[in-house]
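Colleague: Our numbering puts the sequence shown at residues 66 to 298.
Before I ask anything, let me first share the structure, which is written out below as structure tokens.
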Amino acid sequence: MAKTDRRQIVLTGTSRGLGLAMATELIERGHIIHGCARSRSTMAELGRRWPKPHSFRAVDVVCDEQVRDWAEHVLADSGPPDLLINNAAIINANAPLWEVPVDEFDRVVDINIKGTANVIRHFVPAMVARRHGIIVNFSSLWGRSTSPEVAPYCATKYAIEGLTKALADELPAEMTAIPLNPGIIDTDMLRSCFGSQAGSYPAPAVWAKSAVDLLLGLRPADRGQSLSVPESH
66 MAKTDRRQIV LTGTSRGLGL AMATELIERG HIIHGCARSR STMAELGRRW
116 PKPHSFRAVD VVCDEQVRDW AEHVLADSGP PDLLINNAAI INANAPLWEV
166 PVDEFDRVVD INIKGTANVI RHFVPAMVAR RHGIIVNFSS LWGRSTSPEV
216 APYCATKYAI EGLTKALADE LPAEMTAIPL NPGIIDTDML RSCFGSQAGS
266 YPAPAVWAKS AVDLLLGLRP ADRGQSLSVP ESH
């Protein structure tokens, strides 16, 4: 890959599941990943596996101060990202809404909505100043439809749809923001809802090939569109 085609990509939630699969696929294609997750040991392991120019840091996206410090380091070392992917998210344990404990409800909201906003707050100004870059906030099929016993998660993903579309209206014409439904993939999160039935869906590594094709093909003309990753087989 020519150096001019190599993209600087910020990716949250890189310790496992979709985040790790995307990081792996993007790095194999020659792009540079600046990833974060809460697990200090996993981030250190990924840093050894993929040293500079890649970078991995233990960050809780709920903590605005941690996100600010991370962003300052990434921006100072590598400049504004070409692609910012807000992937970090959790889901509540299956339960009717009135049985979801307040601490669990708050944690889902804090990570899925506030964490996304924190990352945007500290990375996007540098992107806007350069008038370049694409922001992808991971939504869900449950951000466009509903199912019982996952109401907190549905609420956060509906919020991501609205937040991202409003953000798209605020960006320069040369940029865009996209709410992206990744589809149904066999992850720990899906297994918490579907149990063993999750095994009938694609593994993250298989899914990542289609997802990365879509991510790398996004353009400013896609601004504000609710997109979905094509099904993988």
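Just so you know, even glycine gets a beta-carbon here, dropped at the ideal spot from N, CA and C.
Residue 246 bridges to which residues according to DSSP?
Modeller: Beta-bridge pairing links residue 246 to 293.
Colleague: So residue 80 and residue 104 are supposed to be a Cβ contact under 8 Å. How far apart are they, rounded?
Modeller: With a Cβ gap of about 5 Å, residue 80 and residue 104 count as contacting.
Colleague: Since residue 89 is in the alpha helix (DSSP H), which residue starts that stretch and which ends it?
Modeller: Its alpha helix (DSSP H) spans residues 82-93.
Colleague: Could you have a look at residue 181 and say whether DSSP puts it in helix, strand or coil?
Modeller: Of the three classes helix, strand and coil, the one that applies to residue 181 here is helix, per DSSP.
Colleague: Rounded to whole angstroms, what is the Cα-Cα separation between residue 212 and residue 205?
Modeller: Near 12 Å, if we compare the C-alpha coordinates of residue 205 and residue 212.
Colleague: Hey, could you find the ends of the alpha helix (DSSP H) residue 106 is sitting in?
Modeller: Here the alpha helix (DSSP H) through residue 106 covers 105-114.
Colleague: Let's see if you can read the secondary structure: which residues bound the alpha helix (DSSP H) around residue 219?
Modeller: Its alpha helix (DSSP H) spans residues 216-235.
Colleague: First and last residue of the alpha helix (DSSP H) that includes residue 172?
Modeller: Residues 167-174.
Colleague: Look at residue 199 and residue 232 and say whether their C-beta atoms are less than 8 Å apart.
Modeller: Contact: no.
Colleague: Run through the DSSP bridge pairs and tell me what residue 343 is partnered with.
Modeller: Only positions 66 to 298 of the chain appear in this structure, which leaves residue 343 out of reach.
Colleague: Quick test of your reading: residue 238 and residue 188, contact by CB under 8 Å. State the CB separation rounded to the nearest angstrom.
Modeller: Actually they are not in contact, since the Cβ atoms of residue 238 and residue 188 sit about 19 Å apart, beyond 8 Å.
Colleague: I'd like the list of long-range same chain contacts for residue 92, defined as Cβ closer than 8 Å, with 5 residues on each side in sequence excluded.
Modeller: Closer than 8 Å at the Cβ level, and outside the excluded window around residue 92, lie 98, 115, 119.
Colleague: Express the C-alpha separation of residue 173 and residue 246 in angstroms, rounding to a whole number.
Modeller: Roughly 18 Å separates the two Cα atoms.
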